[in-house]
Structures are given as structure tokens and as C-alpha cells.
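K.L.:
Numbering (my numbering), first residue to last: 2 to 149. Just so it is clear, CB atoms sit at the ideal spot from N, CA and C, and this is done for glycine as well. In this text, all values refer to a predicted model and were calculated from it rather than measured experimentally.
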């Protein structure tokens, strides 16, 4: 299949597929007699893997290292597994942060009327007080000191 068809099949843009090839994240793609990319299922699987790992937040550098280990002749499964475990740790940390944000938003929504309105009123009052303070012009009294 050509790059457009591969793009449609994977949901990855043609530009991203070219980038993956340029960065050696996927193997070099065979070419037709006229020079068009001829993408087979092997490349589709690699594109899918790269896309999944990038969605998981894996850096290009770590992804490239993982692929180099995978493509090497020797057994690198321990190092491959270590890279995946490292990425899982990063994702779990992000998951915790994301879950905390979700929980906070749920709290705000569940307590909107009994909590949010009063909190927003307090914040508006603080903003108003700040604006009043900023707009006050300094004056000098008889002792030469500036009063606000």
C-alpha cells in the first residue's frame, strides 16, 4: 500500500510516517519502481507500535533505543523490559496527577452551589479590593511621607 493508504489505515499522518522513517523509528520502507513507498503489514505494525508508545509519553530517544534493542541480533529482553517499566512508572505518575485533577473537578461540580458560589464571591471581593488598592493614588501628608 502507498503512504496515503497506510495513513488512512493507521490514523497516522503521512508526514508522521515519513518522520518515523527518517528517525529510524520504523525500518526503511521499500520503494516501488517509480520511487513510491510500498508499505506492508510489517511497517503498519511498527507504525502502530510507535504511535502507541508516543501516546504513552515515551520519548523519541527511549523509543529509538527500544527499537534498536528489538532489532538487534542479541537477546536484549531485560533492557527492553526495563525501558517499558520506566515508561510505565512515568505513566503511573502522570495518571496520579491526572486523577487528582479529575477528582478536584468532580468535587467542584458536585459542590458547585454549596461551595463554588461562595468561593467565587470571595475571590471576586479579593479582586475588587486589589483593584481598589491599585487605583488609589498616593498622597503626601505634612511629614513628607507618602500615604496609600
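1) Pull up the distance between the alpha-carbon of residue 52 and that of residue 110, whole angstroms please.
2) Thinking residue 4 and residue 27 are a contact (beta carbons under 8 Å), I'd like their distance in whole angstroms, please.
3) Opposite residue 32 in the DSSP bridges: which residues?
4) With C-beta atoms as the reference, is residue 25 less than 8 Å away from residue 65?
5) Do the region 6-21 and the region 48-62 meet, that is, are 3 or more Cβ pairs less than 8 Å apart?
6) Within 10 Å of its beta-carbon, does residue 34 have 16 or more other beta-carbons around it, so buried, or fewer, so exposed?
7) In terms of residue numbering, what span does the alpha helix (DSSP H) encompassing residue 111 cover?
8) Would you check if the distance between the CB atom of residue 156 and the CB atom of residue 70 is smaller than 8 Å?
9) Do you know how far the Cα of residue 75 is from the Cα of residue 85?
10) Using only alpha-carbon positions, find the residue among 125, 99, 32, 44 that is nearest to residue 13.
11) Under a three-way DSSP split, which group does residue 45 fall into?
12) Can you tell me whether residue 136 is buried or exposed, with buried defined as 16 or more other CB within 10 angstroms of its CB?
P.N.:
Per the coordinate set shown:
1) So the two alpha carbons sit approximately 34 Å from each other.
2) The Cβ separation is near 12 Å, so there is no contact.
3) Under DSSP, residue 32 shares a beta bridge with 38.
4) The answer is yes: Cβ separation under 8 Å.
5) Enough Cβ pairs lie closer than 8 Å, so yes.
6) It is exposed - the Cβ of residue 34 has fewer than 16 other Cβ atoms within 10 Å.
7) Residues 78-111.
8) Summary: the structure shown does not reach residue 156, with the chain confined to residues 2 through 149, and so no result is reported for it.
9) Rounded to whole angstroms, the separation of the alpha carbons of residue 75 and residue 85 is 18 Å.
10) Residue 13 has its Cα closest to that of 44, out of 125, 99, 32, 44.
11) DSSP places residue 45 within a helical segment (H, G or I) once states are collapsed to three.
12) Residue 136 should be labelled exposed.
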